[in-house]
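Worksheet for the structure shown next.
2 protein chains.
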Amino acid sequence: MVEPPNAKEFLETILSNEQARPPGSEQAAIDNQTMSALLNLLGKKHTIVILHQFATGAGPLRFSELEEVVDIAPNTLSNRLEELTEVGLLTRKAYNEIPPRVEYNATEKAQDLAPVFWYLGVWTERHDLEPVSAADRRR
Amino acid sequence: MVEPPNAKEFLETILSNEQARPPGSEQAAIDNQTMSALLNLLGKKHTIVILHQFATGAGPLRFSELEEVVDIAPNTLSNRLEELTEVGLLTRKAYNEIPPRVEYNATEKAQDLAPVFWYLGVWTERHDLEPVSAADRRR
DNA sequence: CTGAATCCGGTCCGATACTG
DNA sequence: CAGTATCGGACCGGATTCAG
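Shown next, in the form of structure tokens:
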């Protein structure tokens, strides 16, 4: 089973938060815009995998650690980390040491995405993505 | 509030599903492979947005409907729909009519991803993705 | 008329080499 | 160690074309 971070408490909190937005409100429009931006961000290559690392494992991650785990070119990793930092999902702290050290941390905003990854793990326990016969593609 | 598909029942089901996999088992390795394939699929451009459409709205969607909502080139949409159909997340039904009509439906496997999008909606009610000041990117 | 195949131009990504 | 520079290739967007 995938590690539930603190899933139970968290989900109970969510479920008790009924009817937060009037469906046609101006705030709802902003939410849609945020959703669009979020999906657009998550749609970029490797972004989900990177966030998955931060959401599941606790503590800071270094550039080289991510490079090993994620299987990504350094320039692309650099771009992704910058993008995620810009929108406040990660923080970056550079130490003036030799050899240099840079630590990336998930913000609370990013940690609030943890249930997504946790649930994706649940999903993979119940399903696969094996190619389907041509007959089963119709219905 | 974003529409919870049947959030309460769903989450209770999930939360009661403790310790389904022995962590080092062969099945766990397959899960990881599935997860990798899933993230790789979701990482492709527009895939998440497309699945979002199927997961939130009920009922079949037509090619042209998706084309309007998703803002995607027709060739790319065609590719995505084929990929999603191949792995069993969508089914495709073509009617022999004039004008022609093709309907895509989410399979149960795809519907089981709905909680992901539902929760992303919850997340957007609590957070945004506005650019963060340079000072706040450090910590 | 809709869904999709084809061709081309642009953007994004990967691999390697290199720098502070 | 943590990136940046450069280049080649894969992927995506747009327009056109085609089949049913």
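From first to last, the protein sequence lines stand for chains L and U.
Sequential numbering of the first sequence, starting at 1, is according to full-length UniProt numbering.
Sequential numbering of the second sequence, starting at 1, is according to full-length UniProt numbering.
Where is the CB? At the ideal position from N, CA and C, for every residue including glycine.
_Close Cβ partners of Asn105/U (< 6 Å) along its chain, the five nearest in sequence each way excluded_ = As a working note, residue 105/U is residue 105 in the second sequence. Pro60, Thr91.
*Quick one: does Glu97/L have its CB under 8 Å from some CB of chain U?*
Numbered from its first residue, the first sequence carries residue 97/L at position 97. No, Glu97/L does not count as interfacial toward chain U.
_Tell me which residues of the segment 88-112 of chain L have at least one Cβ-Cβ distance to chain U shorter than 7 Å, keeping chain order._
Gly88, Thr91, Arg92, Lys93, Asn105, Lys109, Asp112
*At least 3 beta-carbon pairs within less than 8 Å: the segment 42-57 of chain U vs the segment 77-85 of chain U*: yes
*asked:* Here's a check: name, in chain order, each residue in its chain whose Cβ is nearer than 6 Å to the Cβ of Ala55/U, leaving out the five neighbours to either side.
replied: Here the question's residue 55/U lines up with position 55 in the second sequence. For Ala55/U, where only same-chain residues beyond five positions count, the Cβ hits under 6 Å are Leu113, Ala114, Phe117.
*With a 10 Å radius around its C-beta and 16 neighbouring C-beta atoms as the bar for buried, classify Asp136/U as buried or exposed.*
Along the second sequence, read from residue 1 onward, the residue named residue 136/U stands at position 136. Its Cβ having fewer than 16 others within 10 Å, Asp136/U is exposed.
*Using 10 angstroms around the beta-carbon of Tyr95/U, count the other beta-carbons present and answer buried if the total reaches 16, otherwise exposed.*
As a first step, residue 95/U must be located in the second sequence, where it is residue number 95. Answer is exposed; the Cβ neighbour count stays below 16.
*Closer than 8 Å by beta-carbon distance: list the chain L residues that pair up with Gly59/U, in chain order.*
Position 59 of the second sequence, counted from the first residue, corresponds to residue 59/U. The premise fails here: Gly59/U is roughly 13 Å from chain L at the closest Cβ pair, so nothing lies under 8 Å.
*Cα separation between Val87/U and Ala134/U?*
Position 87 of the second sequence, counting from 1, holds the residue named residue 87/U. Position 134 of the second sequence, counting from 1, holds the residue named residue 134/U. Approximately 42 Å, taken between the alpha carbons.
*Take Pro23/U and list the residues in its own chain whose beta-carbon comes closer than 8 Å to its own, dropping the five residues that flank it on each side.*
Here residue 23/U refers to the residue found at position 23 of the second sequence. Same-chain partners within the cutoff: there are none.
*Which bits of chain L does Ala37/U rub up against, with CB to CB less than 7 Å?*
Within the second sequence, residue 37/U is the residue found at index 37, counting from 1. Chain L residues near Ala37/U: Leu129.
*If we call anything under 8 Å between Cβ atoms a contact, is Ala58/U one with Leu89/U?*
Residue mapping note: residue 58/U aligns to position 58 of the second sequence, counting from 1. Residue mapping note: residue 89/U aligns to position 89 of the second sequence, counting from 1. Contact: no.
*Return the CA-CA distance between Leu42/L and Glu82/L, expressed in angstroms with no decimal places.*
Counting from 1 along the first sequence, the entry for residue 42/L is found at position 42. Counting from 1 along the first sequence, the entry for residue 82/L is found at position 82. Each residue's alpha carbon lies about 14 Å from the other.
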